[in-house]
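Below is one structure, written out as structure tokens; the observations come after it.
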Amino acid sequence: MTRLSIDQQDAWRALSAHAQQMRGTHLRELFTARPGRHSAFTHRAAGLTLDLSKQRWSDETLELLLDLAREAQLPEAIRALLDGERVNRSEDRPALHTALRLPPEVSLRVEGIDLVPSVHASLDRMASMVESFHAGQWRGATGRAIGHVVNLGVGGSDLGPLMVTHALSDYRLQGVHKIEVHFASTMDGSQLADYLARLNPETTLFVLSSKSFTTIDTLSNARTARDWLMARLGIEEGVDDALVMRQHFIGVSASPEKMGEWGIADAHQLEFWEWVGGRYSLWGCIGLPIALVVGMARFRELLAGAHAMDRHFREAPLADNLPVLLALAGIWNVNFLDIRAHSILPYDGRLEYFAAYLEQLEMESNGKSVTHDGDKVSYSTCPVLWGQLGPNAQHAFYQLLHQGTQAVECDFIAPLVRYDDVTDEATRHHLMGQHRLSLANCFAQSRVLMLGDDAIADDGPRPGHKRYRGNQPSSTLLLDRLTPATLGALIALYEHKVFVQATIWDINPFDQWGVELGKQIAGETQHILEHHEGLEAMDESTRALIEAVWAAEQASR
Numbered sequence: 001m002t003r004l005s006i007d008q009q010d011a012w013r014a015l016s017a018h019a020q021q022m023r024g025t026h027l028r029e030l031f032t033a034r035p036g037r038h039s040a041f042t043h044r045a046a047g048l049t050l051d052l053s054k055q056r057w058s059d060e061t062l063e064l065l066l067d068l069a070r071e072a073q074l075p076e077a078i079r080a081l082l083d084g085e086r087v088n089r090s091e092d093r094p095a096l097h098t099a100l101r102l103p104p105e106v107s108l109r110v111e112g113i114d115l116v117p118s119v120h121a122s123l124d125r126m127a128s129m130v131e132s133f134h135a136g137q138w139r140g141a142t143g144r145a146i147g148h149v150v151n152l153g154v155g156g157s158d159l160g161p162l163m164v165t166h167a168l169s170d171y172r173l174q175g176v177h178k179i180e181v182h183f184a185s186t187m188d189g190s191q192l193a194d195y196l197a198r199l200n201p202e203t204t205l206f207v208l209s210s211k212s213f214t215t216i217d218t219l220s221n222a223r224t225a226r227d228w229l230m231a232r233l234g235i236e237e238g239v240d241d242a243l244v245m246r247q248h249f250i251g252v253s254a255s256p257e258k259m260g261e262w263g264i265a266d267a268h269q270l271e272f273w274e275w276v277g278g279r280y281s282l283w284g285c286i287g288l289p290i291a292l293v294v295g296m297a298r299f300r301e302l303l304a305g306a307h308a309m310d311r312h313f314r315e316a317p318l319a320d321n322l323p324v325l326l327a328l329a330g331i332w333n334v335n336f337l338d339i340r341a342h343s344i345l346p347y348d349g350r351l352e353y354f355a356a357y358l359e360q361l362e363m364e365s366n367g368k369s370v371t372h373d374g375d376k377v378s379y380s381t382c383p384v385l386w387g388q389l390g391p392n393a394q395h396a397f398y399q400l401l402h403q404g405t406q407a408v409e410c411d412f413i414a415p416l417v418r419y420d421d422v423t424d425e426a427t428r429h430h431l432m433g434q435h436r437l438s439l440a441n442c443f444a445q446s447r448v449l450m451l452g453d454d455a456i457a458d459d460g461p462r463p464g465h466k467r468y469r470g471n472q473p474s475s476t477l478l479l480d481r482l483t484p485a486t487l488g489a490l491i492a493l494y495e496h497k498v499f500v501q502a503t504i505w506d507i508n509p510f511d512q513w514g515v516e517l518g519k520q521i522a523g524e525t526q527h528i529l530e531h532h533e534g535l536e537a538m539d540e541s542t543r544a545l546i547e548a549v550w551a552a553e554q555a556s557r
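Each residue of the sequence shown is one higher than the one before, counting from 1 in the numbering used here.
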């Protein structure tokens, strides 16, 4: 029997009818009509507080959305994900990033194998490496202690560790041999070239992070780094090539064979598994740069915070479940209010890269248009996601948010407390005042987006260019404070939000065939550029672009 698509089912139809009346309802009316609205739509878990009261919905809306979640069999899907069933149907495997943050005393048997011992064996191996770096015992080929580590990765092998190391900069480990961590992801070599110009090869090590160990971006940078080391240490210093490879490279991949073929020593390989998607991989050995910055104890706190959110996701009723509620707000906006743009706005400089991280997490996961059964969807899926630090964004694109023609859903994110541990009293006073200024802006912006002109004291008639419509939906996420544990919970919250939405949309959030196609076509185009053959197979525009490159290269000789 053919299953009806989700938009043909009763709960979806009921929401469509309900949306007709809600589209004409302003957020200011919803607050007036529902005393206690804030407490009714605010929920807490794992050190996070989620305020959904500024979403353009009512109690009835939420009940209908919960019906939709049940009709999509969301409780069963949550259990299947966390129990290790093959939820990644296009690749016929589980999606077990949550297993990477299970505590060692628990057991998770998937298809007859307990995954927890191998996960913690991998973490223990990483911990030994980290301890060696922090003790100053990891020596380069000339005997000098490694002081700089450059992570070569792209996508999930770059964005996750980059985002977390920056977010946890206050937790940089003290009293150990100092390790500076850098990130190079661009295939054009611009980031790497800067590091190679500044760093000493004798004290620099490279981490090659690639799930498949075939990613052209990463391997291109890796070859450049290897040639740099060989030229500077092998040719100039007379060091054996094998020693350079052993002491200056670590590999992190799901393919130990390819790491070995490339020249990574077996003892310096860190493994993760095919059942971990790249954009979900920071919890394992891809997180090596994080551990180098904050230490393994803090890294394990990050895992514990994520696991706390995993438990909440499994155990909390749908109506009190933070990932479910955040996801349902997004479903309501995208599919029923026709709001297809979503901005992530952290009000804490340490979360500078969080929006970029979520761009990959959400759009690579849910940027899909085909159901699990291979049918084309007849409804919108993932919105366009973007953002940056809120205080900076206020001077950039908030003009569009307040007075543009495009409706946008916003997530405001901030810690409640910061700087209270600064030792010097005067400095503490000033910094805490700056934090309160940041919070004031955060709360004020969401209020004006909600109320529009009603947020302003009545000062008489204003011209059109000074009027604000309001009625822009937003969520506010408050962290008790930004710690490894609450950051772990925050990331896991968004991971599970993505899964909830994918379940309702009946799409697979764990593959990325669009990315794979781009890699394939890029490889074919690279061959044409380099070998001057196959141009006739290209379209007119691409032929002209390639010929322009050839002409420029010829002219520069």
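Using N, Cα and C, we set each Cβ at its ideal position, and we do this for glycine too.
Treat the numbers as computed from the prediction; the structure is a model and nothing was measured.
Run of the beta strand (DSSP E) containing residue i, from where it starts to where it stops
i, result
"Val-181", "180-184"
"Arg-415", "Rather than Arg, the amino acid found at residue 415 in this sequence is Pro. Element bounds for Pro-415: 409-415."
"Leu-48", "48-51"
"Asn-151", "148-152"
"Val-293", "Per DSSP, Val-293 belongs to no beta strand (DSSP E); it is in the alpha helix (DSSP H), 288-294."
"Glu-271", "269-271"
"Leu-208", "204-209"
Short Cβ contact (7 Å threshold) for residue i with residue j
i, j, result
"Tyr-195", "His-182", "yes"
"Gly-251", "Asp-241", "no"
"Gly-153", "Thr-218", "yes"
"Trp-550", "Trp-332", "no"
"Gln-247", "Gly-160", "no"
"His-166", "Tyr-419", "no"
"Leu-322", "Leu-493", "yes"
"Leu-123", "Val-294", "no"
"Leu-48", "Leu-439", "no"
"Asp-458", "Arg-28", "no"
"Thr-476", "Leu-74", "no"
"Glu-359", "Leu-385", "yes"
"Thr-381", "Trp-505", "yes"
"Ala-308", "Ala-95", "no"
"Tyr-379", "Asp-7", "yes"
Residue i, buried or exposed, once every other Cβ within 10 Å from all chains shown has been counted against 16
i, result
"Thr-486", "buried"
"Ala-559", "This structure cannot speak to residue 559, because the chain is shown only from 1 to 557."
"Leu-229", "buried"
"Gly-287", "buried"
"Gly-433", "exposed"
"Trp-513", "exposed"
"Asn-151", "buried"
"Leu-437", "exposed"
"Pro-463", "exposed"
"Glu-301", "buried"
"Trp-283", "buried"
"His-188", "The residue asked about is misnamed: residue 188 is Asp in this sequence, not His. Classification for Asp-188: exposed."
"Leu-416", "exposed"
"Arg-557", "exposed"
"Ser-16", "exposed"
Nearest residue (CA-CA) to residue i, options the options
i, options, result
"Ser-169", "Asp-506, His-496, Arg-56, Pro-289", "Pro-289"
"Ala-72", "Leu-318, Leu-401, Tyr-347, Gly-147", "Leu-318"
"Tyr-347", "Val-498, Thr-423, Leu-482", "Leu-482"
"Val-408", "Gly-330, Ser-53, Ala-440", "Gly-330"
"Pro-391", "Phe-443, Gln-9, Gln-406, Val-422", "Phe-443"
"Arg-279", "Ile-504, Ile-179, Glu-362, Gly-452", "Glu-362"
"Ser-118", "Glu-271, Glu-180, Thr-25, Glu-76", "Glu-271"
"Pro-35", "Asp-59, Arg-23, Ala-46", "Asp-59"
"Val-116", "Val-130, Ser-132, His-97, Phe-133", "His-97"
"Glu-558", "Met-538, Gly-534, Glu-536, Glu-530", "Outside the shown range of the chain (1 to 557) lies residue 558, about which nothing can therefore be said."
"Tyr-468", "Cys-410, Lys-519, His-402, Asp-51", "His-402"
"Arg-226", "Thr-214, Glu-237, Pro-201", "Pro-201"
"Gly-488", "Ser-90, Leu-30, Leu-100, His-18", "Leu-100"
"Val-130", "Glu-180, Arg-144, Ile-113, Ala-355", "Glu-180"
"Phe-206", "His-177, Ser-190, His-268", "His-268"
"Val-110", "Arg-3, Val-498, Ala-80", "Ala-80"
Enclosing alpha helix (DSSP H) for residue i [first to last residue]
i, result
"Thr-218", "216-229"
"Ser-190", "190-198"
"Leu-487", "484-505"
"Gly-251", "Counting along the chain, Gly-251 falls outside any alpha helix (DSSP H), though it belongs to the beta strand (DSSP E) covering 249-253."
"Gln-512", "Neither: Gln-512 is in no alpha helix (DSSP H) and is coded neither H nor E."
"Leu-65", "59-71"
"Thr-542", "540-556"
"Ser-446", "425-451"
Beta strand (DSSP E) runs contained entirely in the segment 319-392, provided each spans 3 or more residues: You should have 341-346, 384-387.
Minimum length 4: unbroken alpha helix (DSSP H) runs contained in the segment 84-158: You should have 116-134.
Continuous alpha helix (DSSP H) assignments of at least 4 residues falling wholly in the segment 16-45: Listed in chain order, the complete alpha helix (DSSP H) runs (minimum 4 residues) inside the segment 16-45 are 27-33, 37-40.
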